[in-house]
Structures are given as C-alpha cells and as structure tokens.
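Asks: The opening position of the sequence shown corresponds to residue 1 in UniProt numbering, with each subsequent residue numbered one higher.
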Amino acid sequence: MSLTRSEEMHRLTENVYKTIMEQFNPSLRNFIAMGKNYEKALAGVTYAAKGYFDALVKMGELASESQGSKELGDVLFQMAEVHRQIQNQLEEMPCPASCSGSMCWS
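1) Quick one: using the 10 Å Cβ neighbour count with 16 as the cut-off for buried, is Glu92 buried or exposed?
2) For the alpha helix (DSSP H) containing Gly60, name the first residue and the last one.
3) If I'm right that Ala80 touches Val57 with Cβ under 8 angstroms, what's the distance once you round it to whole angstroms?
4) Thinking just about the alpha-carbon of each residue, which of Gln78, Tyr52 and Gly51 is nearest to the one in Met64?
5) Ignore the nearest five residues each way along the sequence and tell me which others in Thr41's own chain have a CB closer than 6 angstroms to its CB.
6) Taking all protein chains shown into account, do 16 or more other C-beta atoms lie within 10 angstroms of the C-beta of Gly60, making it buried, or fewer, making it exposed?
7) Alpha carbon to alpha carbon, how far is Asn88 from Glu39?
8) For Met9 and Tyr47, I'd like the C-alpha separation in whole angstroms.
9) Comparing C-alpha positions only, which one of Gln85, Lys36 and Leu12 sits nearest to Phe53?
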C-alpha cells in the first residue's frame, strides 16, 4: 500500500514534531534545574554576604574604640557602607518568576 503525498507529508511532519519535543523537553528540564541551582547558590551567597557585612561592622566598631586603629575602623565602616548599598540594590532588583519567595535575593 502506497502512501499519498499528503499522508507522507503528514508522517514527516509528525516525525519532525516528535524529534523536536524529544530534544526540547530534556533541555527545558535541564534549564529549569540549572535555574533552581542558580537560585540556591545566590541565596547562599546572600547569606554569606550578610555574615561578612555583620563581621565588618563588628570589626569597625572594635577598631573605632582604640585610638591607634581609629583609621582602620573608619575604613571598615566605609567598606560596610558600600556593601550595604550593594545589598540594597540587589534587594531592589525584580525577583525572577521562578523565585519561591523565601529563596529570592534576600
């Protein structure tokens, strides 16, 4: 039994769609998984950055109490201020659609 031209085109088209979907779906799943990994990594970096900021402020406070290290304390406070500004800018950025809320920038 021979296929008509129309049936042959239909079969070829279905095969193309099937091939595209077989290749697209794994890539899409991988893309989503990588996005989730990126989000988790960013949350970890944000947590570490907050700890760094808190330690910087504490060192600045301690250094400011001593006359000999007053300048060091001032520099540490300046570094902490720049870090705080960066954090504020990061928190003002729109949250990605894949963000789960608690795992967002902050």
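C-beta: ideal position from N, C-alpha, C; glycine also.
Replies: Taking the geometry as given:
1) By one-based count along the sequence shown, residue 92 stands at place 92. Burial call: exposed.
2) Start at 1 with the first residue of the sequence shown, and residue 60 comes out as number 60. Unbroken alpha helix (DSSP H) run through Gly60: Arg5 to Glu65.
3) Indexing the sequence shown from 1 puts residue 80 at position 80. Indexing the sequence shown from 1 puts residue 57 at position 57. At roughly 5 angstroms, the Cβ-Cβ gap stays under 8 angstroms, so Ala80 and Val57 are in contact.
4) Position 64 of the sequence shown holds residue 64. Rather than Met, the amino acid found at residue 64 in this sequence is Ser. The candidate whose alpha carbon is nearest that of Ser64 is Gln78.
5) Along the sequence shown, one-based indexing puts residue 41 at 41. The amino acid occupying residue 41 in the given sequence is Ala; Thr does not appear at that position. There are no such residues.
6) As a working note, residue 60 is residue 60 in the sequence shown. So Gly60 counts as buried.
7) Here the question's residue 88 lines up with position 88 in the sequence shown. Here the question's residue 39 lines up with position 39 in the sequence shown. Taking the straight line joining both Cα atoms gives about 18 angstroms.
8) Residue numbering aside, residue 9 sits at position 9 when the sequence shown is read from its first letter. Residue numbering aside, residue 47 sits at position 47 when the sequence shown is read from its first letter. Taking the straight line from one Cα to the other gives about 56 angstroms.
9) The sequence position of residue 53 within the sequence shown is 53, counting from 1. The shortest C-alpha separation from Phe53 is found at Gln85.
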